[in-house]
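These notes are about the structure you will find just below.
Numbering (the numbering used here), first residue to last: 13 to 116.
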């Protein structure tokens, strides 16, 4: 991976992590080699994959992340494209579970 791409990815992960922390959520980087979890950030029972790309491939990214995510974590894809806001995607069943937890 070219250095510019790696730096862009790390910067995106840090941006998302700061947003989560500002909302009062705990976060932990899921760095390869240190954890066996698929994703970039662990937060509140979620494995979060961060993508900042010009060409959007949400279905592909989500499917890859869902396949690699352990069953005890909720796979969430957070993504953006150039000059656009961050967006979050997850399975509808997981979204319903998150809403139920929020109401409890």
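Cβ coordinates follow ideal geometry from the N, Cα and C atoms, glycine included.
message = Please give the ranges of any alpha helix (DSSP H) in the region 48–94, keeping only runs that are unbroken, at least 4 residues long and fully inside the region.
response = Counting whole runs of 4 or more residues, the region 48–94 contains the alpha helix (DSSP H) stretches 70–80.
Practice problem: Identify whether residue 42 lies in helix, strand or coil by the three-state DSSP scheme. | Solution: Note: residue 42 maps to coil in three-state DSSP.
Classify residue 89 as buried or exposed, calling it buried when 16 or more other Cβ atoms lie within 10 Å of its own Cβ.
Label assigned to residue 89: buried.
TODO: In angstroms with no decimal places, state the Cα-to-Cα distance between residue 57 and residue 109.
DONE: Cα to Cα, the separation comes out at about 12 Å.
With a cut-off of 8 Å, do at least 3 Cβ pairs link the region 30–40 to the region 68–77? Between the region 30–40 and the region 68–77, the count of C-beta pairs closer than 8 Å stays below three; the two stretches do not touch.
Taking just the CA atoms, how far does residue 107 sit from residue 92? Cα-Cα distance, rounded: 19 Å.
Report task. Please name the residue or residues paired with residue 100 in a DSSP beta bridge. Result -> 90, per the DSSP bridge assignment.
Alpha carbon of residue 116 to alpha carbon of residue 79, nearest angstrom:
Rounded to whole angstroms, the gap between the alpha carbons of residue 116 and residue 79 is 29 Å.
### Where residue 63 falls, given that 16 or more other Cβ within 10 Å makes a residue buried
Residue 63 should be labelled buried.
Worksheet item: Just the Cα atoms here: how many angstroms apart are residue 81 and residue 99?
Response: Roughly 19 Å between the two C-alpha positions.
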